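From first to last, the protein sequence lines are chains A and B. Under my numbering, the residue at position 96 of the first sequence is numbered 96, and the numbers go up by one with no gaps. Numbers in my numbering are just positions in the second sequence, counted from 1, shifted up by 220. Beta carbons are placed, not taken as given, at the ideal position from N, Cα and C, and that holds for glycine. Computed from a prediction, not measured in an experiment: that's the story for all the values here.
Number of protein chains: 2
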Amino acid sequence: MFSLSEENYLKAIFHLEKKYSAGVSTNALAEEMETKASSVTDMLKKLSDKNLVKYRKYQGVHLSENGKHAAIEVIRKHRLWEVFLVEKLNFSWDEVHDIAEQLEHIKSEKLTDELDKFLGHPKRDPHGDPIPDAAGNFRISNKMLLSDLSEGQSGICVGVKDSSTEFLRYLDKNEITLGKPIKVVQREEYDDSLLIQVNENELRVSKSISTNLFVKPTES
Amino acid sequence: MFSLSEENYLKAIFHLEKKYSAGVSTNALAEEMETKASSVTDMLKKLSDKNLVKYRKYQGVHLSENGKHAAIEVIRKHRLWEVFLVEKLNFSWDEVHDIAEQLEHIKSEKLTDELDKFLGHPKRDPHGDPIPDAAGNFRISNKMLLSDLSEGQSGICVGVKDSSTEFLRYLDKNEITLGKPIKVVQREEYDDSLLIQVNENELRVSKSISTNLFVKPTES
DNA sequence: AACTATTTTTAGACAAGGCTAAAAATTGTT
DNA sequence: AACAATTTTTAGCCTTGTCTAAAAATAGTT
């Protein structure tokens with residue numbers, strides 16, 4: 001069994017490996033964990049001793065198979081609890097992160113599996129992120145960023161990259177909801193803003209919005 | 221906010237104060253917490269500094285009002301989660317304790333209140349223990365031990381004193397369920413065993429059973 | 001290739017929570 | 001009241017996870 005801190009490091013490395021496939025640097029991990037580089041080095045040695053990461057001094061870190069498994073298990077629990085909070089306890093999608101951050105460390109395989117069953121084996125959390133199954137398999141999806149759609153192209157909102165309260169509230173305010181169709185009406189090259197159509201309304205969104213919303217392009 | 225360890229100490233003191241109303245001794249607390257007396261002394265100093273307990277060296281400890289409040293909040297969460305596990309996730313009453321022991325430390329007032337609402341404001345947990353309301357008030361009940369019933373007297377099973385897996389499984393095996401009527405047919409003075417009637421069957425139970433099952437005597 | 005800037009690691013310290021062994025206080029017994 | 005037994009506290013040390021400051025390694029630039 002892993003400590004709370006170990007689990008958080010594994011999770012952070014898992015997320016950062018998507019961006020830094022060549023290896024996660026000590027500094028990047030320190031920033032993600034909101035701690036100091038020296039603390040990270042200490043922890044990496046411990047994780048390495050437990051064969052949860054592949055770590056060579058100065059060379060960055062990768063998860064081992066064991067570490068990856070452990071990280072996915074934590075992510076699975078996090079996302080299932082988020083679904084629970086939104087679907088069953090009337091939380092809104094911008095309130096659930098911190099609580100799920102606590103609940104993800106509860107240790108009981110049966111609890112996780114029963115929760116999954118109770119929720120009807122959901123495939124995605126409230127932010128559109130995929131929930132791995134009990135074996136740790138993620139469903140892959142052909143999502144792309146709204147900013148990658150070309151003029152005239154349409155898609156369905158399927159997830160957010162930034163799940164901060166601020167961004168989620170912005171989406172709520174503008175009635176942009178996962179599952180809804182969205183269309184790029186016009187692209188302004190000067191500032192990379194987009195004129196989009198949602199709910200029969202047109203709305204101009206800046207680059208910082210369009211690069212944080214995932215869409216599944218509509219077949220055409 | 222209190223640490224996991226602090227919350228566990230407060231909870232333990234709360235439970236022990238029922239038995240040791242003159243003050244909870246260091247040794248009693250050490251046994252309850254499965255730790256050493258010296259560790260208890262250390263923690264009592266910390267809790268005392270935070271005004272959570274009233275502690276004078278060598279004189280035992282009492283909860284302060286703040287400490288009592290904190291303890292009740294943890295107990296409320298523990299019991300609500302137990303209801304959730306049994307009612308919603310198909311756990312049996314002998315499996316829930318360890319998981320609730322983890323869940324009781326999750327910090328979110330809204331979570332507790334929404335969970336309470338979701339469960340329909342339950343008054344008792346699966347072992348018959350009362351669940352304090354959001355203000356910390358317990359419902360008092362006139363329960364007594366099965367062993368305190370006299371020959372011929374009847375009652376309703378309302379709770380267990382020992383909630384170990386072993387005892388709960390014994391009750392399950394003999395189909396003794398909370399809410400069911402129970403009657404003392406005969407009392408054997410020699411070993412304090414009782415012949416009881418439940419579900420139309422007669423069953424002999426030893427003293428260690430009858431002193432761990434709470435009943436509400438039937439008006440007569 | 002050498003020098004600088006940046007990143008990473010090491011060394012030493014600290015707080016929380018726990019332990020052992022020894023000292024001090026309390027309780028019990030004659 | 002005095003000695004013995006028990007309980008409680010103190011003192012010092014350990015582990016986990018963190019920190020700061022300094023040293024070492026790597027990367028970047030001329």
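- Residues of chain B with a Cβ closer than 7 Å to the Cβ of N90 (chain A) are, in chain order, E334.
- Of B:N394, B:Y410, B:I233, the smallest CA-CA separation from E420 (chain B) is found for B:N394.
- Secondary-structure assignment with DSSP links P350 (chain B) through a beta bridge to B:R344.
- DSSP places G159 (chain A) inside the beta strand (DSSP E), whose first and last residues are 154–160.
- Contact annotation for I106 (chain A) against chain B: I319, Q322, L323, I326 [CB-CB distance below 9 Å, chain order].
- Within chain A, no C-beta atom comes less than 9 Å from the C-beta of F222 (chain B); the nearest is roughly 14 Å away.
- Taking the C-beta atoms as reference points, G379 (chain B) is found nearer than 7 Å to F434 (chain B).
- Our two residues, K256 (chain B) and G287 (chain B), have alpha carbons roughly 22 Å apart in a direct line.
- The beta carbon of L111 (chain A) falls within 7 Å of a beta carbon belonging to chain B, placing the residue at that interface.
- With respect to the 7 Å criterion, R389 (chain B) and D314 (chain B) are classified as neighbours on the basis of their beta carbons.
- Comparing C-alpha distances from L366 (chain B) to each of B:R359, B:L414, B:E422, B:L423 shows the shortest one belongs to B:L414.
- For Y190 (chain A), no beta strand (DSSP E) segment is defined, and its DSSP state is neither H nor E.
- Put simply, the CB of F118 (chain A) is near chain B, with a gap under 7 Å to one of its CB atoms.
- Restricting attention to B:K297, B:K330, B:D345, B:V281, the CA atom closest to the CA of F311 (chain B) is found in B:D345.
- When the five nearest sequence neighbours on each side are left out, the beta carbons in the same chain lying within less than 6 Å of the beta carbon of D192 (chain A) are those of K207, in order along the chain.
- Assigned with DSSP and collapsed to three states, E202 (chain A) falls in strand.
- Between the segment 274–293 of chain B and the segment 230–244 of chain B, the count of Cβ pairs shorter than 8 Å is three or higher; the stretches touch.
- The segment 292–300 of chain B and the segment 328–346 of chain B touch, with no fewer than 3 CB-CB distances between them shorter than 8 Å.
- Secondary structure at V96 (chain A): coil, using DSSP grouped into helix, strand and coil.
- Shown here, K427 (chain B) sits in a helix according to DSSP, grouped into three states.
- Bounds of any beta strand (DSSP E) do not take in K327 (chain B), whose DSSP letter is neither H nor E.
- The beta carbons of L339 (chain B) and V303 (chain B) sit closer together than 7 Å.
- Listed in chain order, the non-local C-beta contacts of D129 (chain A) below 7 Å within the same chain comprise R79, G159, local neighbours out to five positions each way being set aside.
- Under a 10 Å Cβ-count criterion, G155 (chain A) is classified as buried, with 16 or more other Cβ atoms of the shown protein chains found around its own Cβ.
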